[in-house]
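One structure is given here, and the rest of the page talks about it.
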DNA sequence: TTGTAAGCGTTATCAT
DNA sequence: ATGATAACGCTTACAA
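Protein chains in written order, with our numbering: chain W, 2 to 347; chain H, 2 to 347.
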């Protein structure tokens, strides 16, 4: 059995109050007492029980990060930054993946049984905003939404300007002279905001460049995975006229699309230029290296942790929205060979 | 303020005992009572406080997964499988990354302050075995070691046969006629077991194939990252005689190595064949697709969770070792083009 | 079958 | 500056 505060108090011949004071670094403790207590702690190898402390204080010191799939590079890179940012302010991070399962997202937001072992949730959701709000309504768990959803003033929000990011990517393709620009990542069946916004940016940029918006160029992808990108790109190759560029709604889709183009005997970017969004490290070393719109995940992580901390401190404060910066990074998949890998970001 | 058991009891006009029975699904509760209680629960929107429950029962229902870096694909894919496997038996997973920081690993194992908010640790360590044992000694936190360390009978262990895996990779290179086989991933300065074992397998396979073991072919890599692979491969290209194959101790190293070879104006596998270890999805879509030794992460995850559950149930049971299977997967980076991507595993 | 009450290990309130 | 003691919200003997 591990030693408790009482055991220490007994051995040191002081009250539990004093031991607690020493442990939690209370100022007004005499040097003599402190020594006695520390000696007893040492001897008993005492460690405070965080659960008891939590029950008393109401703080677990843990955050939950909820993402669709942790093994998607964008999310694992985000997770790395979130864990680091959280560690800096004394939080640890529990990760949950919903696996594109709305039901699992729902349960999480409802705070079912042991879900509540953390002080707040950083949520990168699949479900649409309104559903989400309804679900989370009754529980008062601090919540910060990550990603690209519309700000509705009810929840803290760390987003990126999706429309603009998509717009920038497509404008780049137009600027290098591409005229038949397809897209992969629309999701006509569902009402996810991300694909809707990116589609909007895509179409706006096309119009701005004086290019035609062809419905047959806007293809769907269920999961933003490499294999979805591969499949969608393969299908696009037999559309007539064949696209000369593909804008993918994620880098992972783009990795699959690039491979598909080469498997069809064509070349990137000569025959078809490809650009993604996210700036995952994989794309920087790929062949050709992937042009993309870089999202500032360290910034997102830092802001998310800052927002959730503030929310935990004060649940009544008005909801805030912060928009993370993004920037276009042109590499070989649009510009052609000759630009080596860039191990550094950017 | 959220409702407590007492509030529910009061409203339902029953004792807390009865409410608790209903909540935790105790059998012997009359239908009438159960109804009354459920109605009150509904009305008050009551949710059990998991912290209080934990303080009482000693179980948090959480596991910690400790890895060097969550954004390394091998670890994020492992994390995905661990989270899923844990969810199946009612556990949730907290992830911590040590970032190659021995001190952080140490603190985790020592169970410092709020570290102990979980029932057990799944630990994929950097530090050597003996150090680790000394550190963990005093705390009795259930622990299962993941990865490729020697079994010493004191801790549960889910490992792979590192020597054999490396051997298989190198034998494959020899079998396709390569004679100047280099390696990337040794770490002469530190005593990590993984690189030592893989180096052993590498050298054994060379000898078995009647090939010379050249020290200048065994290069180091600090972090098994893409950029380390890139740098090491670049260096290898100016060794004379130039290698005609490179065995990388991880797929990520291999991704960097492949890019380096092409940047040097050479070709994979024509000039230099490349093989890795891990079988991350990235390698299946890369160009050329990456030959590798596939580690069965779902198996590892399942066994790890099984072991830690057993250990939590019975801390006195003898330590067990489980060896996860591996198998060689030859793709384009050793066999040449013509084998399309394999979205499915293998 | 259900009620009463004693903890689980802290922190925090009230004294002194 | 320190001691005694009441919570925190739950589970579980022990009683009834």
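Here a beta-carbon is modelled for each residue, glycine too, at the ideal position from N, C-alpha and C.
Asked                                                                                                                                                                        : Found
Measure the alpha-carbon distance for residue 335(H) versus residue 230(H) and round it to whole angstroms.                                                                  : 17 Å
I'd like the ranges of any beta strand (DSSP E) spanning at least 3 consecutive residues and lying wholly in the stretch 276-332 of chain H.                                 : 292-296, 322-325, 327-330
Taking residue 275(H) as the reference, give the member of 257(H), 300(H), 264(H) with the closest Cα.                                                                       : 257(H)
Are residue 182(W) and residue 171(W) closer than 9 Å when you measure CB to CB?                                                                                             : yes
When you compare the CB positions of residue 104(H) and residue 126(H), do they come within less than 9 Å of one another, or not?                                            : no
Exposed or buried, residue 27(W), counting other C-beta atoms within 10 Å across all chains shown (16 or more means buried)?                                                 : exposed
Applying a beta-carbon distance threshold of less than 9 Å, which residues of chain W neighbour residue 1(H)?                                                                : Chain H is shown only over 2 to 347; residue 1(H) falls outside these bounds and no answer can be derived.
Determine whether the beta carbon atoms of residue 253(W) and residue 69(W) lie at a separation below 9 Å.                                                                   : no
Going by C-alpha to C-alpha distance, which of 261(W), 166(W), 52(W) sits closest to residue 56(H)?                                                                          : 52(W)
Excluding the 5 residues flanking residue 387(W) on each side, which residues of the same chain have their C-beta closer than 7 Å to its C-beta?                             : Any property of residue 387(W) remains undetermined from this structure, which presents chain W solely from 2 to 347.
Taking C-beta to C-beta, are residue 188(H) and residue 223(H) nearer than 9 Å?                                                                                              : yes
What three-state label does DSSP hand residue 186(W) in the structure shown?                                                                                                 : strand
Confirm, please, whether the CB-CB distance from residue 308(H) to residue 145(H) is below 9 Å.                                                                              : yes
Checking contacts by CB at 9 Å: is residue 186(H) closer than that to chain W?                                                                                               : no
Taking only beta carbons into account, state which residues of the stretch 217-243 of chain H come closer than 7 Å to chain W, listed in chain order.                        : 227, 228, 231
Just curious, the beta strand (DSSP E) that residue 158(H) is in, first and last residue?                                                                                    : 157-161
Of the residues 86(W), 233(W), 17(W), which one's Cα is nearest the Cα of residue 300(W)?                                                                                    : 86(W)
Quick one: which residues of the stretch 68-99 of chain W get their C-beta closer than 9 Å to a C-beta of chain H? List them in chain order.                                 : 70, 71, 72, 73, 74, 76, 77, 78, 79, 80, 81, 82, 84, 85, 88, 91, 93, 94, 95, 96, 97, 98
Please name the residue, chosen from 42(W), 32(W), 37(W), 38(W), that lies closest to residue 3(W) on a Cα-to-Cα basis.                                                      : 42(W)
Does residue 195(H) come out as helix, strand or coil in the three-state DSSP assignment?                                                                                    : helix
Taking a contact to mean a Cβ-Cβ separation below 9 Å, would you say residue 294(W) touches residue 97(W) in this structure?                                                 : no
Kindly confirm or deny that the stretch 318-328 of chain W and the stretch 12-28 of chain H touch, where touching means at least three C-beta pairs closer than 8 Å.         : no
For residue 95(H), which of helix, strand or coil comes out of DSSP?                                                                                                         : strand
Under 7 Å Cβ to Cβ from residue 174(H), same chain only, skipping five residues before and after it: list those, please.                                                     : 182, 246, 248, 274, 276, 335
For residue 34(W), does the three-state DSSP call read helix, strand or coil?                                                                                                : helix
Which residues in the same chain as residue 17(W) place their Cβ atom closer than 7 Å to its Cβ, once the five residues preceding and following it in sequence are excluded? : 6, 7, 10
What residues are listed by DSSP as bridge partners for residue 146(H)?                                                                                                      : 124(H), 158(H)
Could you tell me whether the Cβ of residue 316(W) comes closer than 9 Å to any Cβ of chain H?                                                                               : no
Could you give the residue range of the beta strand (DSSP E) that holds residue 220(W)?                                                                                      : 219-221
Quick one, which of 159(W), 260(W), 330(W) has its alpha-carbon nearest residue 333(H)'s?                                                                                    : 260(W)
Would you decide whether residue 101(H) is buried or exposed? Buried here means 16 or more other CB atoms lie within 10 Å of its CB.                                         : exposed
Could one say the Cβ of residue 293(H) lies closer than 9 Å to chain W's Cβ atoms, at least one of them?                                                                     : no
If we call anything under 9 Å between Cβ atoms a contact, is residue 54(H) one with residue 120(H)?                                                                          : no
What does the alpha-carbon distance come out to for the pair residue 194(W) and residue 36(W)?                                                                               : 59 Å
Assuming residue 83(H) contacts residue 306(H) (C-beta within less than 8 Å), just tell me the rounded distance between them.                                                : 7 Å
Terminal residues of the continuous beta strand (DSSP E) containing residue 63(W)?                                                                                           : 63-68
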